[in-house]
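Asker: Before I ask anything, here is the structure I am working with.
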Amino acid sequence: MSRPVIDLENLTRIYRMGESEVRALDGVTLTVEAGEFLAVMGPSGSGKSTFMNIVGCLDRPTSGSYVLEGVDVSSLDRDARAEIRNDKIGFVFQSFNLLSRTSALENVELPLLYSKKSGLTGPEAVARAKKCLERVGLADRWDHTSAQLSGGQQQRVAIARSLVNDPAILLADEPTGNLDSRTSEEVMAIFQALNDEGKTIVLITHEHDIAEHAKRVVHFLDGKIRSDVAVDRRRRAAPRGGPGGTA
């Protein structure tokens, strides 16, 4: 049997505030298999943001283990975590986080500059970035800056950027938070299409209708997993627009 992409065992994260401590995560055990589409939900203070930071190698646990693609990243130092982040994790954020004065193509290329695994020449990097933009329906917008793109198009660029290093997982933090409902559905259709192609996705959201695009939903409360359920495929929203849509 193949190993999980993500394997968390009895994970805790404690923040100390003076003489008191806050258990942001309290004994979390969770596995995510290759090709899963997991949505993580929970109220403010439930632990989902801390979970995202640890899974994204932005933070490390106080105790417990986190194994990503067979590598125990629990105790890695900052530089080692940065290398793992760039090579194995593709991030998509609510605020897009694009460089405003550079083109869509240049934004997508950026992670390749810091990757030790890509080994691509200039023309090869351009070709890969263009291919990623094509996958999200923006082949004809590669030379546009952020100011020339709609919010949905900017998020598509961010998704293309997250794909350029062919990461083990896509980690999406409230990716529809700045989008209207129609554009949100179109962006989520892209995630569904990518997952259907085999990409492993972890989605952080507080919106139930967005979570139902996933195949599995985990709810956090008080630093613990309170439920972990499969999404009924009959209720799972059908893709509308796919990678070639117009958002």
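Take any residue in the sequence shown, count from 1 to its spot, add 21: that is its number in our numbering.
Glycine is no exception: its CB is placed at the ideal position from the N, C-alpha and C atoms.
Tell me whether the segment 101 to 116 and the segment 68 to 85 touch, counting them as touching only if at least three CB pairs, one residue from each stretch, are closer than 8 Å.
Answerer: Verdict: yes, contact present.
Asker: Taking the beta strand (DSSP E) that lysine 69 falls in, what are its first and last residues?
Answerer: Segment 69 to 76 is the alpha helix (DSSP H) holding lysine 69; no beta strand (DSSP E) there.
Asker: Take asparagine 216 and list the residues in its own chain whose beta-carbon comes closer than 6 Å to its own, dropping the five residues that flank it on each side.
Answerer: Within the same chain, asparagine 216 has close Cβ partners Phe58, Ile222.
Asker: Starting from alanine 193 and walking both ways along the alpha helix (DSSP H), at which residues does that stretch end?
Answerer: No alpha helix (DSSP H) contains alanine 193, which is instead part of the beta strand (DSSP E) from 190 to 194.
Asker: Return the Cβ separation of valine 53 and leucine 224 in integer angstroms, given the expectation that the two are a contact with Cβ distance under 8 Å.
Answerer: 11 Å between Cβ atoms; not a contact.
Asker: Exposed or buried, which one is glycine 91 when buried takes at least 16 other CB atoms within 10 Å?
Answerer: Exposed.
Asker: Go ahead and label methionine 209 buried or exposed: buried means 16 or more other beta carbons lie within 10 angstroms of its beta carbon, across all protein chains shown.
Answerer: It counts as buried.
Asker: With DSSP as the reference, identify every bridge partner of aspartate 28, one or two as the case may be.
Answerer: Partner(s): Thr52, Val88.
Asker: Helix, strand or coil for valine 185? Go by DSSP, reduced to three states.
Answerer: Three-state result, valine 185: coil.
Asker: Which residue comes first and which comes last in the alpha helix (DSSP H) that contains phenylalanine 212?
Answerer: Residues 202 to 217.
Asker: Is it right to say serine 84 is buried, meaning 16 or more other beta carbons lie within 10 angstroms of its own, or is it exposed?
Answerer: Classification for serine 84: exposed.
Asker: So the alpha helix (DSSP H) aspartate 230 belongs to, where does it begin and stop?
Answerer: Taken as a continuous stretch (DSSP letters only), the alpha helix (DSSP H) holding aspartate 230 covers 229 to 232.
Asker: What residues in its chain sit with their C-beta under 7 Å from that of glycine 172, if we drop five residues either side in the sequence?
Answerer: Hits under 7 Å: Asn199, Leu200, Thr204.
Asker: Grouping DSSP H, G and I as helix and E and B as strand, with all else coil, what is alanine 179?
Answerer: Reduced to three states, the DSSP call for alanine 179 is helix.
Asker: Within its chain, find whatever has a CB closer than 6 Å to the CB of histidine 165; leave out the 5 residues flanking it on each side and keep chain order.
Answerer: Cβ within range, chain order: Ala125.
Asker: Tell me whether tyrosine 87 is buried or exposed, calling it buried when 16 or more other Cβ atoms sit within 10 Å of its Cβ.
Answerer: It counts as buried.
Asker: Around the Cβ of alanine 251, are there at least 16 other Cβ atoms within 10 angstroms (buried) or fewer (exposed)?
Answerer: Per the 10 Å Cβ criterion, exposed.
Asker: According to DSSP, is lysine 152 helix, strand or coil?
Answerer: Here lysine 152 sits in helix by DSSP.
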